[in-house]
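So for the sequence shown, our numbering puts the first residue at 22; every next one is plus one.
The beta-carbon is built from N, C-alpha and C at its ideal position, and this holds for glycine as well.
For reference, the structure discussed in these notes is given below.
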Amino acid sequence: MTARNRYHHGNLRAALIDAALDLLRTAGLEGLSLRAVARGAGVSQTAPYSHFSDKRALLAAVAETGFQQLVSAMRAEAASCTRAETRLARLGKGYVRFALKEPALFRLMFGSELGDIGDFPALGKVAGQAYDQLRQSVSTLMEGAPAAQHNAECVAAWSLVHGLAVLLMDGRIAQPAETREQLIEDTTAAFAARLAALASSPIRGR
Numbered sequence: 022m023t024a025r026n027r028y029h030h031g032n033l034r035a036a037l038i039d040a041a042l043d044l045l046r047t048a049g050l051e052g053l054s055l056r057a058v059a060r061g062a063g064v065s066q067t068a069p070y071s072h073f074s075d076k077r078a079l080l081a082a083v084a085e086t087g088f089q090q091l092v093s094a095m096r097a098e099a100a101s102c103t104r105a106e107t108r109l110a111r112l113g114k115g116y117v118r119f120a121l122k123e124p125a126l127f128r129l130m131f132g133s134e135l136g137d138i139g140d141f142p143a144l145g146k147v148a149g150q151a152y153d154q155l156r157q158s159v160s161t162l163m164e165g166a167p168a169a170q171h172n173a174e175c176v177a178a179w180s181l182v183h184g185l186a187v188l189l190m191d192g193r194i195a196q197p198a199e200t201r202e203q204l205i206e207d208t209t210a211a212f213a214a215r216l217a218a219l220a221s222s223p224i225r226g227r
């Protein structure tokens, strides 16, 4: 459903968020303004203020939608997995693939434009869910490991997938488009395999 259709169905807030997402894809963050969003949704220039106090509040709502989509993408990628190692790899793959599909949205979600996301509790909650997907999968693999090691591996998992996503988005990894998917799969699988091997090692806690 388009932004204008959502508005005509009585959901102005959703229409404004849809219009903002469209603008991000076509014009980037620099082209996103409350006026442009109102125009995209087919409403008056003052209409956005009935739901968003300023541009930052709108960006937070857009980022919240982005994190919801990220979590869904990760879950969908790992939906059929029964082995913890495979699930971790697939979650990571879903993370990277989402970033490459929605680069402008992904940059907003983790960018400085939002400021302190503590000002937006709903955004903070859903943002934490994306990390929790990785954390829970690592927890399954690292059951019984010392807390410090567990925490370090959770951060390592997030750093790997986020770093890989940004490097690919920025073209810093010279990878032909036709083999990029294989690189993502191989990289996330290699990390998950390393973690599984570490978890089964008798000296892991030393």
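Identity of the residue in the options nearest residue i by Cα
| i | options | result |
| --- | --- | --- |
| Ala166 | Arg60, Leu219, Ser71 | Leu219 |
| Glu51 | Leu129, Ala100, Ala99 | Leu129 |
| Ala99 | Ala125, Thr209, Arg215, Leu216 | Thr209 |
| Ala35 | Phe212, Ala173, Leu79 | Leu79 |
| Phe73 | Asp137, Ile38, Leu45 | Ile38 |
| Lys114 | Leu33, Arg60, Arg201 | Arg201 |
| Lys76 | Arg60, Ser54, Val92 | Ser54 |
Residue i vs residue j beta-carbon contact at 8 Å
| i | j | result |
| --- | --- | --- |
| Leu155 | Leu112 | yes |
| Leu121 | Ser158 | no |
| Glu106 | Leu162 | yes |
| Gly184 | Leu126 | no |
| Met95 | Ala151 | yes |
| Leu119 | Gln90 | Looking at the sequence itself, residue 119 is Phe, so the reference to Leu does not match. Contact: yes. |
| Val117 | Ile194 | no |
N- and C-terminal bounds of the alpha helix (DSSP H) containing residue i
| i | result |
| --- | --- |
| Gln170 | 168-190 |
| Val64 | From DSSP, Val64 is part of no alpha helix (DSSP H); its letter is neither H nor E. |
| Gln203 | 198-221 |
| Arg46 | 33-48 |
Handout entry: Segments assigned alpha helix (DSSP H), at least 4 residues, entirely inside the region 71-116
Key = 76-99
Problem - alpha helix (DSSP H) segments (min. 4 residues) lying fully within the region 122-173 - result: 124-131, 142-162
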